[in-house]
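Engineer: Take a look at this one; I'll ask things after.
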Amino acid sequence: MMSIGALVLLTTILMGYNQRTAMSALDITRAKEAQAMTALGSSYIEFAQGLAYDRYSDTASVAPGNASLFTPSASLGPDGGAEDTLTSFNDFDDLNGYQLDRTGPDAKGYRALFNVRYVLPGDVNAYTSNKTFSKRLDIKLWRINPPFHGADKADTVRLHYVMGYFLFE
Numbered sequence: 027m028m029s030i031g032a033l034v035l036l037t038t039i040l041m042g043y044n045q046r047t048a049m050s051a052l053d054i055t056r057a058k059e060a061q062a063m064t065a066l067g068s069s070y071i072e073f074a075q076g077l078a079y080d081r082y083s084d085t086a087s088v089a090p091g092n093a094s095l096f097t098p099s100a101s102l103g104p105d106g107g108a109e110d111t112l113t114s115f116n117d118f119d120d121l122n123g124y125q126l127d128r129t130g131p132d133a134k135g136y137r138a139l140f141n142v143r144y145v146l147p148g149d150v151n152a153y154t155s156n157k158t159f160s161k162r163l164d165i166k167l168w169r170i171n172p173p174f175h176g177a178d179k180a181d182t183v184r185l186h187y188v189m190g191y192f193l194f195e
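Here it is as structure tokens:
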């Protein structure tokens, strides 16, 4: 009887250990995916930093206090048919509405969705339909390949970057 009790106790301990080990492996995998998505998102932000603030500020100096020349809020996005890839974008708001699938540094597939909105300079979390000297880029990233199975759920990484327009004379 004691042998059976010892066997049941040992089996219970081993099952608990295996379950904790499996959970640790899942946590490590998710952390690596989050790191890969953050690396991709950071590279997208670095790319966006190299773009002009607006298509009008790309070719002319917009005087401070005169944001009326900027692209209307409803027209944020690519400027035309020729701007259909990331490398063809020439100003910050061309990223609005763009979706990009890429393979990350961990050889998994990730999708990024970009949104650009005008924000209030005093509160960059407050979107506005008015033209301002501040735009916010929101990037949402998640894994698309390999697909998720069963109880495995997608983690989403959200990154934000605010670009301001200033004229230095």
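Everything in the sequence shown is counted per this note's numbering, starting at 27 for the first residue and increasing by one.
We put the beta carbon where it would ideally sit given N, CA and C, even for glycine.
What you are looking at is a predicted structure, and each value in this text was computed from that prediction instead of being measured.
1. My output table needs one value for Leu-66: the three-state DSSP class, helix, strand or coil.
2. Taking all protein chains shown into account, decide if Phe-192 is buried (16 or more other Cβ within 10 angstroms of its Cβ) or exposed.
3. Please check the pair Ala-138 and Tyr-70, which I expect to be a contact at CB under 8 Å, by giving their CB distance rounded to whole angstroms.
4. So the beta strand (DSSP E) Thr-111 belongs to, where does it begin and stop?
5. Are the beta-carbon atoms of Arg-143 and Asn-122 separated by less than 9 Å?
6. Shortest alpha-carbon distance to Val-188 belongs to which of Arg-81, Glu-59, Leu-95 and Ala-74?
7. With DSSP run on the structure shown, which of helix, strand or coil describes Leu-163?
Structural biologist: According to the data block:
1. Residue state, collapsed to three classes: helix.
2. exposed
3. 6 Å
4. Unbroken run through Thr-111: none, as it is neither H nor E.
5. yes
6. Ala-74
7. strand
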